[in-house]
Structure formats: C-alpha cells, structure tokens
Amino acid sequence: MTLITLPVCHKDHVSSLTFAAPAQSAIKWQRQWLDFEVDTNSKYKGNTSDADTAWEELFSYNNIRVTGEELSRMNRTSVELNDGSGEYLAALDVFHHLHCLKLIHKFIHGKEMGTSEKVTQAGHLDHCIDAVRQELMCRAEVTFTTYSWRPDLSFPWATLSYPHTCVNWDSILEWAKSRHVNIFEENILVNPLAQIGR
C-alpha cells in the first residue's frame, strides 16, 4: 500500500494530509502523446453509435469491492454488499468524472441523459461541469500550450498536440476489473432504510 502525502493549504499555514489509496498500486506512469486539436478524430467524438459504445465501455468496471480496512484508512464509509463478503461498494473518482463527461457528450448531441426525477437535467449538468472543473484545478496540468502563426488568421493558433506524462489507463482498468462488482446482481444491494413493500 502506498501512502501519499499532499500539501493542504489553510489560512496561514500548510499542513500535510496523508491517506492510503488502494488503487495507487495500479498507477504506472508513461509518456503519451495527447492530441487536443479540433479536427482530430477520436472514437469518443461525434454523434454515432460507435462513440456511444466507446463511452459505455469506459464504465465496464466502474463499481468495485473494497474492504472495511481500506475504507477506514481513507476515513470513508460506504454501503455494505449483501453477499456475505463483508466488503463494501465503491468506485474510483475517475469514473465519476468520465460519467460527467459522458453526460455532457450526450447533451450536446441531443441524446437522453437518463436523469432521475430528483435531479433536473440542468442541475445534473451543472454538477458535472463543476465536478470536472474542480478535478482539473486540483490536478492542474502545467504542461505548456504553445502557439504558431497560420496564414489565414490574424492571431496565434494554439498547438494542442504534444507529449504528456500520463497514468497508464489499462493498468487502472485491470485493477478495477479485479475488484468489479455487478450492482445489478439480484440482492447484492439491499437498502435497509427503504420503505418499499412495507
């Protein structure tokens, strides 16, 4: 288990927040070329069934099992699985942020977002945009964006294709797969507070 120490800013001082994230063992860094150019093709872009499938495949192993000890080390609680394992339901935060981007993708292409009656579509999108904003500001990528001249423009054009140091996504996915739990399995989740059928 890897311990991470992060500086946390308070009014007049900096303290340390240390926590143990079980998935830290899955993190492998690699140099990767990212291409953000407007005209770049990506399986996640566009209003196609292939794009829809690509977005859905990102969530194949969203829901995972964690132990009570792992939750305790992170000072968290969760819903216990109803399978006698003594384990709990969790998800890596990256999946929540990808879920948010998927909803925004659906919205801009006029597709059904599947929001619940308790959350309006606008409210859900606002939540998602703010969640992604917070995550981007928390991680604060500081690689340079540079500029070049184009003959058809009077202002510099951003160069949006360059190398980054990235987490190996397949490694994260394999870790989540090893702990995957199907939340649609009958009786795996039982709400002790539910009034349904009483």
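The sequence shown maps to residues 809 to 1006 in this note's numbering.
We put the CB at the ideal spot given by N, CA and C, even for glycine.
It should be emphasised that the depicted structure is a prediction, and the values quoted were computed from it without experimental measurement.
- Counting along the chain, D891 sits inside no beta strand (DSSP E), nor does DSSP assign it H or E at all.
- The beta carbon of E895 lies closer than 7 Å to those of R873, V874, T875, L889 in the same chain, with the five residues before and after it left out.
- Taking the Cα positions, E994 is about 22 Å away from E865.
- Proximity to A899 across L1001, I991, T928, I835 peaks at I991, based on C-alpha coordinates.
- Cβ contact annotation for A859 (same chain, cutoff 7 Å, sequence separation greater than five): K851, Y852, K853, in chain order.
- A residue is called buried when at least 16 other Cβ atoms come within 10 angstroms of its Cβ; E877 does not meet this threshold and is exposed.
- In this structure, the beta-carbon distance from V975 to N871 does not fall below 9 Å.
- Comparing alpha-carbon positions, the option among L1001, I996, P1000, A984 lying closest to Q832 turns out to be A984.
- The three-state reading of DSSP puts L842 in strand, counting E and B together.
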